[in-house]
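The sequence shown begins at 201 in this note's numbering and counts up by one. Heads up: the structure comes next, in C-alpha cells.
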Amino acid sequence: MKITFEEFKTGLADRKRRRQLLTRDGRHYFVLVSQQFSQEELEQLCDTATAIRRLDRHLDGRDFLRSTLRGVRIMNLFAQPSTRTAESFIAAADKLGASTRLVSDISTSSFAKGETIEDSVRTLSSFFDAIVTRHPDDEFGLRASWALMQTQRSIPVISAGSGKSQHVTQSLLDIYTLRYSFLQRGGIHGKTVLIIGDIARNRAARSLAYLLTKFQQPRILFVSHKDFQPDDDLLGYIRAHGLEVDIYPALGPMLRSHGKQVDAIYVTRSQQEWDPGGLPRDTSTLGTGEDFILRPEYRDYVRPDCVIMHPLPRVNELPVEWEEHPGFVVWRQVRNGMWIRAAVFAAVFGADLEIRNRATRLGLL
Ligand code: CP
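Put into C-alpha cells, the structure is as follows:
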C-alpha cells in the first residue's frame with residue numbers, strides 16, 4: 201500500500217481507516233495504539249491469555265502451546281531500558297515455541313551509523329517474522345509499520361512502548377488484570393478507576409485511559425500535577441466516548457472525600473527521564489512529590505477490595521506497606537504481562553482461535 205507517512209498517521213485518528221491500516225484479514229497486524237482494539241477483541245484476547253495460562257499448566261497443553269508458533273522468529277528491538285516488557289515478550293514467545301532475539305543496545309546496530317528506520321526494519325524483515333519495538337521516539341513504531349507495509353515482505357510490528365505516547369501491551373495486561381479483579385463484581389463496566397501521576401508523560405497511564413473507553417461507562421479520575429495533566433487529545437477521546445472524567449491536584453484530600461467510591465487505583469512514577477537533562481546521575485534523588493504518593497495511612501480512605509495497580513518500576517509513590525492490602529495486584533500484573541503478550545502473538549499470527557478451542561476441549565476454558 202503506497203501512502204505517505206503523514207497519510208498513515210492521520211489515518212490512525214479515524215476508527216475505520218485505522219482498522220484498514222493496522223489489520224490484515226481481520227487480525228491485528230500492527231499493534232501500535234490502544235484505540236485499535238474493540239471491547240469484543242479485548243475480551244477475546246483475555247480469554248486467549250487465560251487459555252494459554254491454563255494450557256501451560258497442563259501436560260498435553262504445554263506441548264500443544266509450544267507447537268503453535270514453532271519456527272516463528274521474533275526480533276525485540278529495545279532502544280530504552282526495560283525489565284518486565286522485554287523479558288515478558290521473550291517468555292511469551294517461548295511459551296508458544298517462537299524464537300527470539302533481543303537487541304537492547306542499539307548503538308551496536310547500524311542505527312549508530314545513521315541507517316534510517318525504513319532501511320533497518322526492512323533489513324530485519326529479511327530475518328524475522330515480527331518486530332517488537334521500544335523507542336523514545338513516539339513515532340518509531342508507526343514509522344516502522346508504515347515503512348514495512350509498503351514493501352513486498354511486510355511483517356507485523358508490536359509496540360512495546362513508544363516515547364511518552366503509548367504502551368499498548370501494558371494497557372492490555374492492565375485490562376486483563378482489572379477484568380480478573382472484577383470477575384465477581386460485574387466486570388470493568390461502571391467502575392471508577394483513579395490514575396495517579398505524570399499522565400502527560402506516562403505512556404502506560406495514557407494507554408490504559410484510552411482502553412477504558414471501550415467499556416460501558418467507567419469513570420476515570422486523575423490526580424496529577426498541573427504541568428503533567430492529561431492532554432486534550434486524551435481528554436477529548438474519553439469525553440467523546442461518554443465517560444465521566446475529573447482531575448484533582450493532590451491525592452490526600454481527594455481520597456479523603458471520594459476514596460470509598462474508587463474501585464481501582466493505578467499508581468505511576470514521575471517520568472523524570474523526560475526532564476531537561478534526563479535522569480540525574482544519583483538515582484537516590486528520584487521520586488515524586490508528596491501530593492502523588494499513595495501513603496500507607498490512605499488505606500483508611502479506600503475499601504479493602506479497592507484494586508491497587510502499578511505498571512512498575514516504582515520509586516517512592518507506592519510504599520511497600522500497600523502489599524498487605526487485599527486488593528494489591530501489582531505482582532499479578534507482572535505475571536499477566538507474559539500471558540497477554542503470548543495472547544497478542546497468538547492473535548497476530550492467527551493461532552488464537554485454535555488455542556481457545558484446545559483449551560475448551562480440555563475443559564480449561
Ligand atoms: N512496565 C514496564 O514497561 O516495565 P519495564 O520498563 O521494565 O519494561
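Even glycine gets a Cβ: it sits at the ideal position worked out from N, Cα and C.
Identified DSSP bridge partners for residue i
i    : result
A330 : I274
S359 : T333
E444 : R419
F528 : I508
V231 : I358
R224 : R227
Buried versus exposed, by CB contacts within 10 Å (16 or more), residue i
i    : result
M201 : exposed
T300 : buried
V544 : buried
K460 : exposed
Q220 : exposed
D463 : buried
V332 : buried
D374 : buried
R580 : Since the displayed the chain opens at 201 and closes at 565, residue 580 lies outside it and no answer follows.
K295 : buried
R481 : exposed
Q384 : exposed
R456 : exposed
S484 : exposed
R270 : exposed
R343 : buried
L512 : buried
F327 : exposed
D475 : exposed
L242 : buried
G442 : exposed
L259 : exposed
Residue interval of the alpha helix (DSSP H) (run including residue i)
i    : result
L348 : 340-349
S420 : Checking the sequence shown, residue 420 turns out to be Ile, not Ser. Note, I420: premise wrong, no alpha helix (DSSP H); beta strand (DSSP E) at 419-423.
M454 : 451-458
I508 : That residue, I508, is in no alpha helix (DSSP H); its beta strand (DSSP E) goes 507-509.
Q366 : First-last for Q366: undefined, no H or E at that position.
V321 : 317-324
N557 : 552-561
G261 : 259-268
G211 : 205-211
E241 : 239-256
E287 : 284-295
F403 : Before going on, a small fix: residue 403 reads as Arg here, not Phe. 403-412 is the span of the alpha helix (DSSP H), which, as asked, contains R403.
Beta-carbon proximity list for residue i, same chain, < 7 angstroms, skipping 5 on both sides
i    : result
R439 : V445
E521 : P496
F264 : L255, R558
S234 : Q366, V368, S371, S407, Y410, L411
T223 : Y229
R503 : K460
S345 : F230, L232, V357
Q472 : L479, L486
A292 : M538, R541, A542, F545
F382 : I388, K391
Boundaries (first-last residue) of the beta strand (DSSP E) holding residue i
i    : result
V303 : 299-303
A464 : 464-467
V393 : 392-396
Sequence-distant residues of the same chain with beta carbon closer than 8 angstroms to residue i, five excluded per side
i    : result
T488 : G397, D398, R469, S470, V515, N516, E517
S325 : I331, L348, T351, R353, S354, I355
S267 : G297
L565 : D247, T250, A251, R254, R556, A559
A286 : N276, F278, L302, S304, R334, A360
S238 : K414
M509 : D374, T377, L378, A464, I465, Y466, V467, V529, V530, Q533
G261 : R254, L255, R558, A559, L562, L564
R227 : A547, V548, G550
Cβ shell of residue i (< 6 angstroms), same chain only, five flanking positions each side left out
i    : result
S310 : none
Y448 : V423, M454
A450 : D491
G211 : R217, L221
L394 : L421, V462, I465
F208 : W346
L494 : V467, L518
D338 : S362, G363, S365
P526 : P504
P336 : Q280, G363
7 angstroms Cβ cutoff, residue i in contact with chain D
i    : result
I290 : Absent from the structure: chain D. Only one protein chain is present.
Does the structure place the segment 529-541 close enough to the segment 216-230 that three or more beta carbon pairs sit under 8 angstroms? Segments in contact, no.
Contact the segment 415-434 vs the segment 381-395: 3+ CB pairs below 8 angstroms: In short, these stretches touch, since the Cβ pair count reaches three.
Quick check: the segment 551-559 against the segment 245-255, are at least 3 beta-carbon pairs closer than 8 angstroms? Three or more pairs of CB atoms, one per stretch, sit closer than 8 angstroms, so the segment 245-255 contacts the segment 551-559.
So does the segment 276-288 actually touch the segment 301-313, counting three or more Cβ pairs closer than 8 angstroms? With a cut-off of 8 angstroms, the segment 301-313 and the segment 276-288 count as touching, because enough Cβ pairs lie within range.
Which residues have a Cβ closer than 7 angstroms to any heavy atom of the ligand FAD, listed in chain order? The model depicted lacks the ligand FAD and carries the ligand CP instead.
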